[in-house]
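Step one of this worksheet: look at the structure below.
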Amino acid sequence: MDLTFTDIVKYCIRPANESNLFDIAYEDISEPTMTFDELSRLNVTSSDLLRWSSSIDLVERYQAYLDHSTVSNRSNEMFMNCTRPWFGSQCQYSFDMTMNFDDVISLPPTCYILLQCNRGDSTICLDWREICNGQIDCLNDGIDEIQCIELEMNECGENEYRCYNGLCIPEIFLGIESIEAECLDSSDYFTDLEYGLNLFHFEESQCRPDQGQFSCGNGQCVEELHECANQRHLALIQSISDKGNLSMNCWQIIACLSKILDVVDNIPCEEILETTEQFERCHFPMEFPTKPVLYGHIRFLYHSKNIQDINISFALQPDYICFDHKLCDFLQSNYSIRNLTCRSSEQMGLGSHLQFTTWKSMIDAVKPYFTGCTTRHYENALVGFPSTFYRCKNSSKSISKYRLMDGITDCHLNDDEQINGSCCLDNQTLRFQCPQDRQCRPSLYPRAKCLCDQEIHLSTIDFYQICDRIDDLPLLLIDGRNHSDETDCEHWVCKNMYTQCDDFPNCANGEDEMNCLSIYRSTTLDNENDTELLAINSTEVGICGRGLYVPHRLGMNNYSYVCFCPPNYYGDRCQYQNQRVSLTLSIATVDRPLIYAIVITLIDDDHDQEEIHSYHQLTYTAKSHCGKPLNIYLLYSTRGKNSSKNFTIRIDAFDKNSMTYLLTWYVKIPFVFLPVNRIAAFLTLPTTRPMQSILCTLQCSYGVCMKYHNEERLFCRCQPGWSGARCDIPIDCSMCAAGSICVGSVQNRSICICPYGKFGSFCRLKLTCPHDYCENQGRCFVIDERMINESYVCFCSEFYYGDRCEFEKSQIEISFQNIQFTSYFHIYLYSEPGFPELRSILLRKPTMFQISVTLYSEDEIGLIFIKMNNQYYLAIPQNSSPITITPTHQCFSWYEVLNAKYRSLPRIHRMKYYHLPCQENRNLRCFIDEYYMCLCTDEHY
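Residues 1 to 941 (the UniProt record's numbering) are what the sequence shown spells out, left to right.
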């Protein structure tokens, strides 16, 4: 399974310290060199240099020299013509490699070092996903959880969904079919997430909050102490089993008795436990492990005991379990030692009557007793937020009301899951009510599902699953009778278009499988070993972690390597996790041949300078990007960032054809203290610039006062050459070529928007479509110069389709007779009638006196539904013949077509008679009920 990004990702040399950058003596590399002046005399063009794999920056400098050769001081700048496979300004780099998904998840763990976390001399470093994960991982005052109460306090907007961790995403994402989650903790995704093909979502996610899993540090989540592909679980085991201040003999014996290890210092536990007389001479009470075993404060304490009384087949249970009483004030202590508050193990889920064969099973027995503990002492922080929090019974712990009735126990008495009137909780959106227990549950948690009424259940199965001899629904008691999808089937026609020859006997006598042809499908699988994709030694690849291992030529016969890191990692081996904004954009617009320039900037919003830390620019077209989320990394200018500042994302849209400004969106970055700010935004692009209806009051020196398109917030849009909150700070825009638009500056480099046909950082290079690239009068545009072979897109007329407009669409003429037109109507186009699939939805606004419409479709259409006046009409295309819609094509309500004696039946029962209207009325084409559109076949079924 190959890894993919949905967008181009910049791999760069990202050292932990800028002093690690180095220069090389390029004159020692034997590659042909020429000056810009010499290239010009040979009539070499910038396009030639691009074909020779020169860097775009160098080619732009050469083009600038050609444009102004008489006044340029670049005549002696050198160009090196690299021999394949070498590249770079001095031909110093080379690579030829690919990597598959399994390689990525098995790479060594990386570390987040921008928080000074003390893990007690641990072999396991901090992973960014362990910050604000609900448990203390840093022993220096739990700094990994210090500000996380702000997430618990967070309130989402009216059109937002609150993720389990307190972050917000636009509610619209819940209705978009996707295999990826947008919440950082994946709590917007109903089913378990498996490894996807999208490496961005894999990297930018935490473990699901309701499963208590261990983060492997690479996006993979496993049960604690289970195997990570990158072996991070071994570091956890080594950390737990650390010797600490114990003597060697005592440590070896207790590590074996507790079942943490099977082998200690390369000595099998069976051998160690043969000589245990040293154990009785150990210093007791003994704390082991020497670090907290759970939640950063829970410890195990052992008293002296006769070794002969220990059954070494099972894990040795501690005598006492100790904890921070301030965090677990509902637990009464009966033992104290060395400032530890403890309870006997019998009071905490252990005891001589229980036997545990593994360390993990013993930990799992203890863990539920501490679910009601708080992570930190938040009493002062919660002052002023009484209405948004719930106080657990008999405890000082307070939780957000969003955690009530979510299927996860947060209070030690489980009272957060036993709330009456949960449907009346404040700000509780996106919940569904369970009729039988009158509770409201979050709609996206599997454990929160309740037994709902038959209407909700029936909406979850397909019609062909009814009376198929397979139980899909539980029995439901309705009016004193049990009903399911397999009851009351005596009148059901078991042999039908759904069941005929499907290799399953739906009829009791098997008649639906008689006289069927044996059909065997032969599938040829490529015999390709995904693990053999690396063109260089896999050990060398691992040196760079998530980065690219690149051979580095330092001079003649002098070679080393360098790591090119993606934005989310840095270091000489890409071994450190970077602070970043991980932005997912979903953009909607009309399907018209428009090309947009989108500029996304990360801005320091704390003072009048409005410094741009980083930016991303893209060219957007509906044809190439519709329905495809754009995943973007934005980095801060310093590492680590100033968490006391406020940062925002500003997104500007331009019409690239006319080079006119359209609008600006504002996206706030909340909780800057988080190492990774996962942001999801849904934007709608207009075809023209929206009118501004409010009075703008900002004083903009060299700019115009504007309102953000998505916020009731004003800003100054600056003229080229100016920046700052009030457009009063001059910037150098001279780098941008004529005809481009300068929209800012970052690190003393202009940000330029290029007109159509130009590209490069400063818009000095040309790129046009090949002659006759698009067929049938299609219009060709260049949308991404970074991938030449995939940079062209054809805008076809409504009569053609295909990558190059090479295919002709099918034409469907529909006229209307004796049907009154509405101001607009919807047309639903489906594939073949057997198992129809929705292909497209069209909206038509008829003109006066119009009685027909012409449709063009690139798909083979089998069914057409037309909705007008809240009524549906069915048409079935026959070759290319015109279609006339009359009142007889209407799909009536089930109540109008079903016999009166069946109308009063519960829906799950009356559906068993839906074949009767088709049999009794030979002219009936279709009818509808609450969920289904029912079609009558030629066999009148």
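Ideal placement from N, C-alpha and C gives every residue a C-beta, glycine not left out.
- Taking every protein chain shown into account, the CB of Ile741 has 16 or more other CB atoms within 10 angstroms, so this residue is buried.
- Rounded to the nearest angstrom, the Cβ distance from Ile885 to Tyr873 is 5 angstroms, consistent with a contact under 8 angstroms.
- Judged by their CB atoms, Val59 and Leu66 are not nearer to each other than the 8 angstroms cut-off.
- Note: Lys305 is not bridge-paired with any residue in the DSSP secondary-structure output.
- For Tyr895, the enclosing alpha helix (DSSP H) stretches over residues 894 to 897.
- When secondary structure is reduced to three states using DSSP, Gly175 falls in the helix class.
- Contiguous alpha helix (DSSP H) elements confined to the region 206 to 250 occur at 232 to 240, taking only those with 4 or more residues.
- Asp67 carries a helical assignment under DSSP once its states are collapsed to helix, strand and coil.
- If you draw a straight line from the Cα of Thr619 to the Cα of Val782, it comes to about 9 angstroms.
- For Cys918, the enclosing alpha helix (DSSP H) has its first and last residue at 916 to 920.
- Buried is the label assigned to His625, since at least 16 other Cβ atoms lie within 10 Å of its Cβ.
- Short of 6 angstroms from the beta carbon of Cys282, and not among the five residues preceding or following it, lie these beta carbons of its own chain, in chain order: Cys250.
- In this structure, the beta-carbon distance from Thr854 to Gln811 falls below 8 angstroms.
- With fewer than 16 other beta carbons inside 10 angstroms of its own, Pro690 counts as exposed.
- Between Cys328 and Phe288, the C-beta spacing is not below 8 angstroms.
- The DSSP assignment places complete beta strand (DSSP E) segments of no fewer than 3 residues inside the UniProt domain "EGF-like" (692 to 728) at 703 to 707, 714 to 718, in order along the chain.
- Rounded to whole angstroms, the separation of the alpha carbons of Ile307 and Tyr561 is 56 angstroms.
- Counting other Cβ atoms within 10 Å of its Cβ, Leu340 reaches 16 or more and is therefore classed as buried.
- Collapsing the DSSP output to three states places Ala255 in a helix.
- In the three-state scheme derived from DSSP, where H, G and I count as helix and E and B as strand, Val59 is classed as helix.
- Our two residues, Pro268 and Gln252, have alpha carbons roughly 10 angstroms apart in a direct line.
- The DSSP-derived three-state label of Lys668 is strand.
- In the three-state reduction of the DSSP assignment, Lys401 falls in the helix class.
- A Cβ-Cβ contact shorter than 8 angstroms links His909 with His483.
- Look at Lys912 here: in three-state DSSP terms it is helix.
- Distances from the CA of Asp127 to each of Pro675, Leu838, Leu554, Pro474 were compared; the closest alpha carbon is that of Pro675.
- Taking the C-beta atoms as reference points, Leu151 is found no nearer than 8 angstroms to Leu174.
- Here His201 is buried, its C-beta having at least 16 other C-beta atoms within 10 Å.
- Its chain contains Cys489, Trp492 as the residues whose beta carbon lies nearer than 6 angstroms to that of Cys467, once the 5 sequence neighbours on both sides are disregarded; these appear in chain order.
- Contact between the region 332 to 347 and the region 311 to 320 is present, with at least three C-beta pairs closer than 8 angstroms.
- Judged by DSSP in its simplified three-state form, Arg281 adopts helix.
- Note on Phe504: under 16 other CB atoms within 10 angstroms of its CB, so exposed under the neighbour-count rule.
- In the structure shown, Phe202 adopts helical secondary structure according to DSSP, grouped into three states.
- Burial check for Arg41: the Cβ neighbour count within 10 Å stays below 16, so the residue is exposed.
- By the neighbour-count definition (other C-beta atoms within 10 Å, threshold 16), Cys12 is an exposed residue.
- In this structure, the alpha-carbon of Asp605 lies about 29 angstroms from that of Ala181.
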